[in-house]
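Mind the numbering: the sequence shown is residues 262 to 404 in our numbering, read in order.
Here is the structure we will look at.
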Amino acid sequence: MNAVENKSPAKIKLITTIRHPDQEKETFELWVEGFFIRKQGQMYLSYTEIQEGGNVRTTVRMGDHEALILRGGAIRMRLPFRLNEQQPGSYDGGFGSLAITVHTHRLTFDPDQRQFFVEYDLLADDQHVGAYRLEFSYTEESQ
Numbered sequence: 262m263n264a265v266e267n268k269s270p271a272k273i274k275l276i277t278t279i280r281h282p283d284q285e286k287e288t289f290e291l292w293v294e295g296f297f298i299r300k301q302g303q304m305y306l307s308y309t310e311i312q313e314g315g316n317v318r319t320t321v322r323m324g325d326h327e328a329l330i331l332r333g334g335a336i337r338m339r340l341p342f343r344l345n346e347q348q349p350g351s352y353d354g355g356f357g358s359l360a361i362t363v364h365t366h367r368l369t370f371d372p373d374q375r376q377f378f379v380e381y382d383l384l385a386d387d388q389h390v391g392a393y394r395l396e397f398s399y400t401e402e403s404q
């Protein structure tokens, strides 16, 4: 197993589309500087969002059949994705931890095009919270 980490500065674009039950669709776009990381055969994006409540560090492990988003800081979240399966996750926005379930419907990673795409439903206490779509694209910068 190769433990060598290859880390490159990257410009990351994230488009998030959310459909909450009985509400209009919302779309958000985030452009941020971060890192593209190759480690032990896996590929990751890592970046920090500056928010009013404090910074949020995000790590995205990208894959075609499995992926994971970890957030730490002002918001702590674990979103595991496995295509066509439900996976247990967690969310803590500062008021206590909430067990959530992630049901992944679509998961695509194209390293050549530098794109990662996931569509999933989010459930809390077996109640549908919303349908989410995340579209990551990134460009590696020369160091």
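For each residue, glycine too, the CB sits at the ideal point set by N, CA and C.
**Item:** the stretch 291-302 contacting the stretch 348-360, beta-carbon criterion three pairs below 8 Å
**Value:** Touching, no, given that fewer than three Cβ pairs across the two stretches are closer than 8 Å.
**Request:** Report all residues from its chain with a CB closer than 8 Å to the CB of SER351; omit the five preceding and five following residues, and keep chain order.
**Result:** Excluding five sequence positions before and after SER351, the CB atoms of its chain that fall closer than 8 Å to its own CB belong to ARG337, MET338, ARG339, SER358, LEU359, ALA360 and ILE361, given in chain order.
**Asked** Expressed to the nearest angstrom, what Euclidean distance is found between the alpha-carbon atoms of PRO349 and PRO341?
**Response** Each residue's Cα considered, the two are about 7 Å apart.
**MET304 and ARG332 closer than 9 Å at C-beta** = Cβ distance not < 9 Å, so MET304 and ARG332 don't count as in contact.
**Request:** Look at the alpha carbon of GLY306 and the alpha carbon of ASP353, and state the distance between them as a whole number of angstroms.
**Result:** The sequence given here has Leu at residue 306, not Gly. Computed Cα separation, rounded: 21 Å.
**Where ARG367 falls, given that 16 or more other Cβ within 10 Å makes a residue buried** = Result: exposed.
**Prompt:** In whole angstroms, what separates the C-alpha of GLY355 from that of GLN312?
**Reply:** When only Cα atoms are considered, GLY355 and GLN312 end up about 14 Å apart.
**Prompt:** How about GLU396 and PHE370: do their beta carbons lie closer than 9 Å?
**Reply:** Result no, Cβ atoms of GLU396 and PHE370 do not sit closer than 9 Å.
**Item:** Same chain, Cβ closer than 6 Å to LYS274, neighbours up to 5 away in sequence not counted
**Value:** Take LYS274, set aside five residues on each side of it, and the residues of its chain with a beta-carbon closer than 6 Å to its own are TRP292 and SER398, in chain order.
**Item:** Buried or exposed by the 16-neighbour rule on C-beta atoms within 10 Å, applied to THR400
**Value:** By the Cβ-count criterion, THR400 is exposed, with fewer than 16 other Cβ atoms from all chains shown falling within 10 Å of its own Cβ.
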